[in-house]
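Chains as they are written, first to last, in my numbering: chain Y, 1 to 166; chain L, 167 to 271.
Ideal Cβ placement from N, Cα and C applies to all residues, glycine included.
Note that the structure is a prediction, hence the values are computed from the model and not measured.
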């Protein structure tokens, strides 16, 4: 191995989107960071907040509209044009397919994955601006949410961290 | 293939110090690797993890994920992280004489 640059010690990961493919990358990166002994603050904002809303976070879906990379029935299948993607059940079907593949490689459902990150010592926060905008209260969140943060508090917590926006 | 002397025995290892020949693994080697990983001792709880990793690896030919260690091995994720702080799966795998984890979760 060549030179050894300084290891990453701390990351702040922002999840801003509410689709399955918008949420999972941040969760996988957060969990993976903990597996490497890296400190993690996970911050949910805008529609990303749906990942931590207990009423909705088990029914997060893939968008089958406006996604030019989408193929059926699998990743090497035929392109799925937006006009077909709008058909009822398409999004649910694509979500079901992807979840099945995820389960095979031991990627848990979103609620379980958040509990896993919490157990691993990762910190989970909600964005205050979004919470106010969506009229949410603490009761709407899964219990692993530590608290609601302003953007300023988020930056304070992120001192010395790399910030990753997803 | 690099070799390394651990607990008085010369063993084959990868550049990152993972044993490549499981037949060379002993409990003394495990303890010395544990010291290198910053653990003072291996308690019965540590051994429970190590033995589950070895058993599952022998049966499936792959390291279990942290999720599987919890669901099948019965070791809560919180406990796993406190037993092997700073990288539980990597550390436990290395101590158990198994390869470096290759999965993302």
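- In terms of beta-carbon proximity, residue 247 (chain L) lines the interface with chain Y, with at least one pair separated by less than 8 Å.
- When DSSP states are grouped into helix, strand and coil, residue 233 (chain L) belongs to the helix group.
- Looking only at Y:75, Y:66, Y:137, the smallest Cα-Cα distance to residue 83 (chain Y) is reached by Y:66.
- By the neighbour-count criterion, in which 16 or more other beta carbons inside 10 Å mark a residue as buried, residue 7 (chain Y) falls on the exposed side.
- Taking C-beta atoms as the reference points, residue 241 (chain L) and residue 199 (chain L) fail to come closer than 8 Å.
- For residue 243 (chain L), the closest of Y:166, Y:122, Y:163 by C-alpha to C-alpha distance is Y:122.
- Listed as beta-bridge partners of residue 79 (chain Y) by DSSP are Y:71.
- In the DSSP annotation of this structure, residue 125 (chain Y) is not part of any alpha helix (DSSP H); the continuous beta strand (DSSP E) holding it starts and ends at 123-127.
- Under DSSP, residue 12 (chain Y) takes part in a beta bridge, and its partners are Y:41, Y:163.
- Relative to the Cα of residue 106 (chain Y), the nearest Cα in the group L:189, L:245, L:213, L:238 belongs to L:238.
- If you draw a straight line from the Cα of residue 235 (chain L) to the Cα of residue 255 (chain L), it is about 10 Å long.
- Contact note: residue 105 (chain Y) reaches chain L through 231, 269, 270, 271, using a C-beta cutoff of 9 Å and chain order.
- For residue 6 (chain Y), there are no C-beta contacts with chain L under 8 Å, since the nearest C-beta of that chain is about 16 Å from it.
- Excluding the 5 residues flanking it on each side, residue 53 (chain Y) has same chain C-beta neighbours closer than 8 Å at 136, 140, 141, 142, in chain order.
- Assigned with DSSP and collapsed to three states, residue 178 (chain L) falls in strand.
- By the C-beta density criterion, residue 167 (chain L) is exposed, having fewer than 16 other C-beta atoms within 10 angstroms.
- Annotation note: the region 211-263 of chain L contains the following uninterrupted alpha helix (DSSP H) runs of length 4 or greater, listed N- to C-terminal: 232-237, 243-249, 254-261.
- A distance below 6 Å between beta-carbons, with the five flanking residues on each side excluded, links residue 85 (chain Y) to the following residues of its chain, in chain order: 64, 65.
- In the three-state reduction of the DSSP assignment, residue 130 (chain Y) falls in the helix class.
- Minimum Cα-Cα distance from residue 104 (chain Y) among the listed residues L:230, L:181, L:259, L:251 corresponds to L:230.
- What residue 32 (chain Y) touches in chain L, judged by beta-carbon distance under 9 Å, is 270, 271, going in chain order.
- Listed by position along chain L, the residues whose Cβ is nearer than 9 Å to that of residue 159 (chain Y) form an empty set, because the closest Cβ is around 20 Å away.
- Nearest neighbour of residue 59 (chain Y) by Cα position, chosen from Y:112, Y:127, Y:124, Y:38, turns out to be Y:112.
- Residue 117 (chain Y) places its beta carbon 8 Å or farther from that of residue 57 (chain Y).
- Within the model, the alpha-carbon separation for residue 115 (chain Y) versus residue 173 (chain L) is close to 39 Å.
- Nearest Cα to residue 109 (chain Y) within the set Y:16, Y:28, Y:5: Y:28.
- From the listed residues L:263, L:265, L:247, L:176, the smallest Cα separation to residue 35 (chain Y) is found for L:247.
- Under the DSSP assignment, residue 192 (chain L) falls outside any alpha helix (DSSP H); it carries neither an H nor an E label.
- Nearest CB-CB separation between residue 164 (chain Y) and chain L: not below the 8 Å threshold.
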